[in-house]
Structure formats: structure tokens, C-alpha cells
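A short worksheet on the structure shown next.
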DNA sequence: CTGATCTACAACCATTCGGTTATATGTTAG
DNA sequence: CTAACATATAACCGAATGGTTGTAGATCAG
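Residue numbers (the working numbering), protein chains in the order written: chain G, 136 to 246; chain C, 136 to 246.
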């Protein structure tokens, strides 16, 4: 288990990367099966260059990695980054639970 | 339990809203304790207007709600939206688990 | 070898973003 | 009533975003 903590700027990048439907779809695809950039590009109504840029955004967020294989470069999803975002949200939910617990305690103390 | 499914454009907005450290901090604060916009603004090195805009972004993403109380409007975090994002990430992780399960099955079939 | 394919990057463009200042309106305190 | 405070909104600005076209280098197929 990789327990990677995201820095604030990494968190910025990863949420920004996920704030686009095309990029979310790319992540879904490459989590299921690694895929070349041009193979990805065929699925979207935009140029190869646009998809190439989307992959670059995902890569700089750490959500995908690219490995060159011959003339194509294969993109694969990084599940550890997805889990890191997951944990960042867990932290938010924990704040809420702490608050609820505290409110309950105050209510219990003073009837 | 509110099992709210996010539309693609809602998902865009909620991830975009979380892609900024100030906005994430505001969400943390108002999940713990509701807070007026100007009280929030005192915590950040920027104008009231800037913080007001950040709150508007969070509100349009559904991550916070505002309720007017006298001359101030109180901002509170909406934990259900946080949970909805959480579930969106669960869906990504599930793709990964399905893939791993399928790979294991293929390996088991052919020794 | 040659042509097709894939990646990469530069330059450009319209729009959005994240901040500012200024102004108007509503609400409370004294 | 008046002054102080809180919110809201408009106008502006520089930087980043998301797309385009064009060009060039690498690799593979025939």
C-alpha cells in the first residue's frame, strides 16, 4: 500500500485534472487498459494535439504515466493517485464526523 | 442517506471548486462551523470580494450553502456533496478492481 | 528506401480564472 | 437618525485554459 500524501499544489493539479469530462474519461479508459495517445484520440471529437495536452495535464497530476514503446507511448492510469484523492476527501468527512461527535457530547453534558 | 448522482457538469464544477487551496480551506472551515463571508475573509490574504467569489464558486458546485441571517450570510459546508465526490472516485477504483479481477481470472484459466 | 503513422512542440486565439478597485444597497448599533 | 458594517455587483486586468493549425523528428511496414 502506497500512502502518499499530496502536497497542496499536487492537490490543486489533481482536482484540476479531474475537472474535465474528457480527462475523466481518459482516466477511466487507461485504468481499465493501457492505451496509446493516438488510440485515445480516436475516441474524442477533437484533434490529436488536444488529447495529447489532456494526457499531459493528467500526467503532471500523477493520475497517469506514459511509457514509450516503439513509436507510440502507452498511457496507463495510476490507481495510487486516485486513492490519494480519495483519502483527501476522507479527511474532509472526518472533520464533519468530529463536529457531529462534539455536538453530541455538548448535548449529552447539558440536558 | 442521500444518494445523489452527480451529472457531468456538476462533476466538472465540484472538482474545479476543489482545485484551489483557498476554497478547500473554506470548505474545511465551514464543515466544522458555519461562518459569515466576512468572517471567512479575515483569514485570507485577499480582499473580501475575492473570498466572496470563492464562496460563490463553492456554492455553484453545491459544496456549501448560504443562508442570509440579518446583515450577514452564513456559509455552511454540505457533506452530502463531499460524499458524492467520494462515490465518483469509488467508481474509478471499482474499474481498477474489475480489471485486476479479470486479469486474475485469465491467469487462473490458463496455467 | 519510401511512405505512413505516431509523438512532440510552437504559435496563435477566444474564453475563463483569480484577483483588484469602486460603487450601491441593506442591516444593525449607538 | 446616522454611522459602521456586511453583502453584492460591475468593470477591469494579467495569466492560465482548452482548443486550433502547422511543422518536425522517430519509428515501423511493405
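We put the beta carbon where it would ideally sit given N, CA and C, even for glycine.
Here the structure is a predicted model, which means the values were calculated and not measured.
By the C-beta density criterion, residue 213 of chain G is buried, having at least 16 other C-beta atoms within 10 angstroms.
In this structure, residue 155 of chain C sits near residue 147 of chain G, with a CB-CB distance shorter than 8 Å.
Of G:228, G:161, G:170 and G:144, the smallest CA-CA separation from residue 209 of chain G is found for G:170. The contact set of residue 143 of chain C on chain G, defined by CB atoms closer than 7 Å, consists of 156 in chain order. Contact annotation, residue 207 of chain G with residue 173 of chain G: C-beta distance approximately 7 Å; criterion of less than 8 Å satisfied. Neighbourhood of residue 207 of chain G in chain C, by CB distance below 8 Å: empty, with the nearest CB roughly 21 Å away.
Against residue 234 of chain C, the close residues of chain G are 166, 167 and 168, in the order they occur along the chain (beta-carbon pairs closer than 9 Å).
Between residue 138 of chain G and chain C, the shortest Cβ-Cβ separation is not below 8 Å. For chain C, none of the residues of the segment 175–195 of chain G brings a beta carbon within less than 8 Å of one of its beta carbons. In terms of beta-carbon proximity, residue 172 of chain G stays away from the interface with chain C, with every pair separated by 8 Å or more. Nearest to residue 217 of chain C by C-alpha distance, out of C:162, C:232, C:142 and C:189, is C:162. The beta carbon of residue 210 of chain G does not come within 8 Å of any beta carbon belonging to chain C, so the residue lies off that interface. In the DSSP assignment, residue 162 of chain C falls within the unbroken alpha helix (DSSP H) covering 156–167. The bridge partners DSSP lists for residue 201 of chain C are C:210. For residue 148 of chain G, the enclosing alpha helix (DSSP H) starts and ends at 143–153. In this structure, residue 158 of chain G sits away from residue 178 of chain G, with a CB-CB distance that is not shorter than 8 Å. Rounded to whole angstroms, the separation of the alpha carbons of residue 183 of chain C and residue 198 of chain G is 34 Å. Between the alpha carbons of residue 202 of chain G and residue 142 of chain C lies a distance of about 33 Å. Within the segment 216–232 of chain G, 217, 218, 220, 221, 224, 225, 227, 228, 230 and 231 place their CB atoms closer than 8 Å to a CB of chain C, listed in sequence order. For residue 242 of chain C, there are no neighbours in chain G by C-beta distance under 8 Å, as the nearest C-beta there is about 16 Å away. Burial is judged here by how many other beta carbons sit within 10 angstroms of a residue's own beta carbon; residue 219 of chain C has at least 16 and is buried. With respect to the 8 Å criterion, residue 165 of chain C and residue 211 of chain C are classified as neighbours on the basis of their beta carbons. Under a 10 Å Cβ-count criterion, residue 175 of chain C is classified as buried, with 16 or more other Cβ atoms of the shown protein chains found around its own Cβ.
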